[in-house]
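Student: Take the sequence shown: its position 188, counted from the start at 1, is 188 in the UniProt record's numbering, and no numbers get skipped. Every residue, glycine too, gets a C-beta built ideally from N, C-alpha and C.
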Amino acid sequence: MCAHEIRLRIRELDIEIDLQNEVLKKLHHSKSCLQRQLNAIFDPISRLPLEISSEIFIQSLPTLPKRAASHVPMLLLNICSAWSAIAPQLWQAIRIDFPCADGMAELLSIWFQRGRSRPLTVVVDGDVGRWNENVSAVIWKHRPRLRHLEILDDWIYKSDYDHHNIDLRLGHREEEHLPLLEHLTFHGTSDERGCFRDHGEILELLYRAPNLVECVMDIQGTIFNDFRFRAENPDLPFLRSLTFGEQSDWYGWGADQWDDAILNHLTLPALEALSLPMRSVYGSHLRDFLERSAPPLQQLTMSWKYRGLDVHLHECLHLIPTLAKFTMWEPDERPVVDLIATLADFHYWLPNLRHLTIHMGSSSELSHIYDWFWLTLLRAVSQRRIQLDLFPRRRQRRSSLRSSNLMALKYISLIQNMMIAIFWSIVLS
Numbered sequence: 001m002c003a004h005e006i007r008l009r010i011r012e013l014d015i016e017i018d019l020q021n022e023v024l025k026k027l028h029h030s031k032s033c034l035q036r037q038l039n040a041i042f043d044p045i046s047r048l049p050l051e052i053s054s055e056i057f058i059q060s061l062p063t064l065p066k067r068a069a070s071h072v073p074m075l076l077l078n079i080c081s082a083w084s085a086i087a088p089q090l091w092q093a094i095r096i097d098f099p100c101a102d103g104m105a106e107l108l109s110i111w112f113q114r115g116r117s118r119p120l121t122v123v124v125d126g127d128v129g130r131w132n133e134n135v136s137a138v139i140w141k142h143r144p145r146l147r148h149l150e151i152l153d154d155w156i157y158k159s160d161y162d163h164h165n166i167d168l169r170l171g172h173r174e175e176e177h178l179p180l181l182e183h184l185t186f187h188g189t190s191d192e193r194g195c196f197r198d199h200g201e202i203l204e205l206l207y208r209a210p211n212l213v214e215c216v217m218d219i220q221g222t223i224f225n226d227f228r229f230r231a232e233n234p235d236l237p238f239l240r241s242l243t244f245g246e247q248s249d250w251y252g253w254g255a256d257q258w259d260d261a262i263l264n265h266l267t268l269p270a271l272e273a274l275s276l277p278m279r280s281v282y283g284s285h286l287r288d289f290l291e292r293s294a295p296p297l298q299q300l301t302m303s304w305k306y307r308g309l310d311v312h313l314h315e316c317l318h319l320i321p322t323l324a325k326f327t328m329w330e331p332d333e334r335p336v337v338d339l340i341a342t343l344a345d346f347h348y349w350l351p352n353l354r355h356l357t358i359h360m361g362s363s364s365e366l367s368h369i370y371d372w373f374w375l376t377l378l379r380a381v382s383q384r385r386i387q388l389d390l391f392p393r394r395r396q397r398r399s400s401l402r403s404s405n406l407m408a409l410k411y412i413s414l415i416q417n418m419m420i421a422i423f424w425s426i427v428l429s
């Protein structure tokens with residue numbers, strides 16, 4: 001055969017090979033379809049109605065999403081890829097850990113699409129110094145579906161590389177709101193190397209979430225500048241719970257944490273629970289907030305971080321007759337004594353108070369309080385039927401208590417035995 005004939009024959013064989021490959025592809029597809037049908041016959045999940053099988057998978061979901069590899073949808077896909085369409089609720093929540101893979105934005109789009117129109121829970125964790133702007137774009141694209149958003153920046157372990165703030169792409173258009181957002185958590189810093197550029201950005205995000213129900217702010221940074229970030233402050237008529245940091249951190253962080261100053265820019269007429277470290281909010285600020293908001297506050301937690309801070313306690317508490325649970329962290333001796341005396345002498349003051357917790361500070365240890373205080377305390381809790389928890393801060397031996405103090409404890413034990421609704425919890429170790 002000449003060279004020309006050989007080339008023609010090779011071309012014919014290539015065409016025949018392509019045809020046979022197409023036949024093989026169709027055969028593989030047919031086999032795969034038949035295999036799925038056979039699996040469906042023996043698969044108990046596939047024989048269940050979609051509503052039941054969906055509910056089974058939904059029951060396996062945790063309250064908050066775990067890391068991607070151990071999150072329920074990923075585990076299910078390792079078993080059967082067809083399960084990706086069984087329950088859209090499986091794709092309502094995702095946890096994004098930074099640094100993340102380059103293809104995270106594309107994966108996030110697929111994840112949200114599988115959730116269809118369901119409300120979304122997004123948790124951002126890790127070192128947000130490697131925040132991915134493409135991820136921001138995807139999250140913000142689906143902002144109308146966001147219901148639960150947590151931004152947790154491990155600021156303690158910052159790297160030395162060029163740092164970037166979180167860019168939520170808030171934009172400047174008024175219509176770019178988050179209508180479904182109900183739960184919002186911040187943990188991180190607010191400075192040139194922090195996860196937020198400034199407190200104004202946080203206020204802007206609050207402004208975009210008018211239906212917010214619960215908010216936790218645990219932000220360390222420079223002092224909050226007293227400025228109005230726009231013509232009006234955020235209107236949050238449905239916010240019921242506001243927490244600034246964790247109580248365990250109130251005495252562990254430095255004096256440069258000023259997140260609670262944001263309270264001066266808020267009006268919260270539906271607030272029921274407030275946890276306030278009083279880092280930068282003075283008593284007059286709290287009083288103004290309560291007068292401005294007139295909230296039906298039921299739970300209040302306050303800290304006396306700075307000794308001698310005048311918190312206008314009586315004025316503030318007088319504005320919240322709905323208060324049912326009051327927690328004091330390391331108060332000075334005088335506020336404790338005044339509070340107990342007022343509770344004992346004025347029955348109309350805080351008529352709904354049922355639970356009082358006092359974490360004593362170094363200046364208000366049990367052995368420092370006058371003897372008559374214990375009799376007043378006994379009268380207050382017995383008349384009011386208040387559940388009282390009292391925790392000394394430092395180690396204190398029982399022998400260091402005065403005899404009348406021990407007698408008061410015995411009286412309280414007698415009251416308990418009489419079935420009066422008082423609970424006394426005291427740590428003496």
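Please list, in chain order, all residues of the same chain as H177 whose beta carbon is under 6 Å from its beta carbon, the five residues on each side excluded.
Tutor: Start at 1 with the first residue of the sequence shown, and residue 177 comes out as number 177. If we look at H177 and ignore the five residues flanking it on each side, its Cβ neighbours are R208.
Student: Tell me which residues share the same chain as Q299 and place their Cβ nearer than 6 Å to its Cβ, disregarding the 5 neighbours each side in the sequence.
Tutor: Counted from its first residue, the sequence shown places residue 299 at position 299. Excluding sequence neighbours, Q299 sits near A273, K325.
Student: Per DSSP, what kind of secondary structure is D153 in: helix, strand or coil?
Tutor: Indexing the sequence shown from 1 puts residue 153 at position 153. Strand at D153.
Student: Taking the continuous alpha helix (DSSP H) assigned at I320, which residues delimit it?
Tutor: Position 320 of the sequence shown, counted from the start, is the residue given in the question as residue 320. Counting along the chain, I320 falls outside any alpha helix (DSSP H), and DSSP gives it neither H nor E.
Student: Shortest alpha-carbon distance to L90 belongs to which of N233, T376, L206, R116?
Tutor: Taking the first residue of the sequence shown as 1, we reach residue 90 at position 90. Per the Cα distances, R116.
Student: Look up Q113 in the DSSP assignment and say whether it is helix, strand or coil.
Tutor: Looking up residue 113 in the sequence shown gives position 113. Three-state DSSP puts Q113 in a helix.
Student: Assign P234 to buried or exposed, taking buried as 16 or more other Cβ atoms, counted over all protein chains shown, within 10 Å of its Cβ.
Tutor: Indexing the sequence shown from 1 puts residue 234 at position 234. Its Cβ being crowded by 16 or more others within 10 Å, P234 is buried.
Student: Does the distance from the CB of T301 to the CB of L276 come in under 8 Å?
Tutor: Residue 301 sits at position 301 when you count from the first residue of the sequence shown. Residue 276 sits at position 276 when you count from the first residue of the sequence shown. Yes, the pair counts as a contact, with Cβ atoms nearer than the cut-off.
Student: Using C-beta distances below 6 Å, list every residue in its chain close to V213, excluding the 5 sequence neighbours before and after it, in chain order.
Tutor: Within the sequence shown, residue 213 is the residue found at index 213, counting from 1. These residues qualify, in order along the chain: E182, F238, R240.
Student: Within the continuous beta strand (DSSP E) that includes A273, where are the two ends?
Tutor: Counting from 1 along the sequence shown, the entry for residue 273 is found at position 273. Its beta strand (DSSP E) spans residues 273-276.
Student: So, is P295 buried or exposed, given that buried needs 16 or more other C-beta atoms within 10 angstroms?
Tutor: On the sequence shown, position 295 is the one that residue 295 refers to. It is buried - the Cβ of P295 has at least 16 other Cβ atoms within 10 Å.
Student: Going by beta carbon distance, what residues of the same chain come within less than 6 Å of R143, once the five residues before and after it are set aside?
Tutor: Taking the sequence shown and counting its residues from 1, one reaches residue 143 at position 143. Excluding positions up to five away in sequence, the list reads L178.
Student: Would you list the residues sitting across from E235 in a DSSP beta bridge?
Tutor: Taking the sequence shown and counting its residues from 1, the one referred to as residue 235 is at position 235. Note that residue 235 corresponds to Asp in the displayed sequence, not to Glu. In DSSP, D235 forms a bridge with T267.
Student: Measuring only the C-alpha atoms, how far is L353 from L317?
Tutor: Within the sequence shown, residue 353 is the residue found at index 353, counting from 1. Within the sequence shown, residue 317 is the residue found at index 317, counting from 1. So the two alpha carbons sit approximately 11 Å from each other.
Student: Assuming contact is defined by CB atoms lying nearer than 8 Å, are L350 and P321 in contact in what I supplied?
Tutor: Here residue 350 is taken as the residue at index 350 of the sequence shown, counted from 1. Here residue 321 is taken as the residue at index 321 of the sequence shown, counted from 1. Yes, the Cβ-Cβ distance between L350 and P321 is below 8 Å.
Student: Roughly how many angstroms lie between the CA atoms of H347 and W111, to the nearest whole one?
Tutor: For this step, residue 347 is matched to residue 347 along the sequence shown. For this step, residue 111 is matched to residue 111 along the sequence shown. Their backbone Cα atoms lie some 57 Å apart in a straight line.
Student: My output table needs one value for H312: the three-state DSSP class, helix, strand or coil.
Tutor: For this step, residue 312 is matched to residue 312 along the sequence shown. Three-state result, H312: coil.
Student: Write down the C-beta distance between V123 and M104 rounded to the nearest angstrom, noting that I regard them as a contact closer than 8 Å.
Tutor: Looking up residue 123 in the sequence shown gives position 123. Looking up residue 104 in the sequence shown gives position 104. Actually they are not in contact, since the Cβ atoms of V123 and M104 sit about 14 Å apart, beyond 8 Å.
Student: Can you give me the C-alpha to C-alpha distance between L313 and L184, rounded to a whole angstrom?
Tutor: Within the sequence shown, the letter at position 313 stands for residue 313. Within the sequence shown, the letter at position 184 stands for residue 184. Rounded to whole angstroms, L313 to L184 spans 29 Å at the Cα level.
Student: Enumerate in chain order the residues of its own chain whose CB-to-CB distance from I340 is below 8 Å, with the five nearest sequence positions on each side excluded.
Tutor: Within the sequence shown, residue 340 is the residue found at index 340, counting from 1. For I340, where only same-chain residues beyond five positions count, the Cβ hits under 8 Å are F373, T376, L377, A380.
Student: Using 8 Å as the limit for Cβ to Cβ distance, is I320 near chain B?
Tutor: Absent from the structure: chain B. Only one protein chain is present.
Student: Suppose the cutoff is 6 Å on Cβ atoms and the five residues either side in sequence are ignored; what does the same chain contact list for T243 look like?
Tutor: Here residue 243 refers to the residue found at position 243 of the sequence shown. So the list reads V216, S275, once near-sequence residues are dropped.
Student: For T327 versus R292, is the C-beta spacing smaller than 8 Å?
Tutor: Taking the first residue of the sequence shown as position 1, residue 327 is located at position 327. Taking the first residue of the sequence shown as position 1, residue 292 is located at position 292. Not closer than 8 Å, so no.
Student: Quick one, are the C-beta atoms of S303 and E333 less than 8 Å apart?
Tutor: As a working note, residue 303 is residue 303 in the sequence shown. As a working note, residue 333 is residue 333 in the sequence shown. The answer is no: Cβ separation not under 8 Å.
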